[in-house]
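Q: Take a look at this one; I'll ask things after.
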């Protein structure tokens, strides 16, 4: 695994345009080692038979199309509101 003097740590620092002190490089090398360990663990996970991950967009695409309906007028919209003041919806104060 990489240490502070490893070519990988030096190369990554160069690509990121970072000038690392020896102490920073050691810390970076330790973090990189941890990350690479996680990647190794992920590569060993058996995924055969696991359903494919669906993104939010893919899930939405399975929904029905929006239906056009007539608009509610103000009286209809306010009919189900518990407290109305001056034709506006009144809500409890939540911030001083």
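Numbering (this note's numbering), first residue to last: 92 to 187. No residue lacks a Cβ here, since even glycine has one placed at the ideal position from N, Cα and C.
Give me the Cα-Cα distance between residue 169 and residue 178, rounded to the nearest whole angstrom.
A: Counted from its first residue, the chain shown places residue 169 at position 78. Counted from its first residue, the chain shown places residue 178 at position 87. Rounded to the nearest angstrom, the two C-alpha atoms are 8 Å apart.
Q: Would you say residue 100 and residue 120 are within 8 Å of each other, going by their C-beta atoms?
A: Position 9 of the chain shown holds residue 100. Position 29 of the chain shown holds residue 120. Against a cut-off of 8 Å, the Cβ pair of residue 120 and residue 100 comes out as a contact.
Q: For residue 92, name the three-state secondary structure that DSSP assigns.
A: Taking the first residue of the chain shown as 1, we reach residue 92 at position 1. The predicted position of residue 92 is uncertain, since its pLDDT is 49 and thus under 50; a value taken from the coordinates is nonetheless stated next. Coil, per DSSP.
Q: With DSSP collapsed to three states, give me the class of residue 141.
A: In the chain shown, the residue the question calls residue 141 occupies position 50. Of the three classes helix, strand and coil, the one that applies to residue 141 here is coil, per DSSP.
Q: Using the C-alpha atoms, what's the distance from residue 136 back to residue 102?
A: Counting from 1 along the chain shown, the entry for residue 102 is found at position 11. Counting from 1 along the chain shown, the entry for residue 136 is found at position 45. Taking the straight line from one Cα to the other gives about 29 Å.
Q: Quick one: what's got a C-beta closer than 8 Å to residue 163's C-beta in the same chain, skipping five residues either side?
A: On the chain shown, residue 163 is found 72 positions in, with the first residue counted as 1. For residue 163, where only same-chain residues beyond five positions count, there are no Cβ hits under 8 Å.
Q: If you run the structure through DSSP and keep just helix, strand and coil, what is residue 175?
A: Looking up residue 175 in the chain shown gives position 84. Strand, per DSSP.
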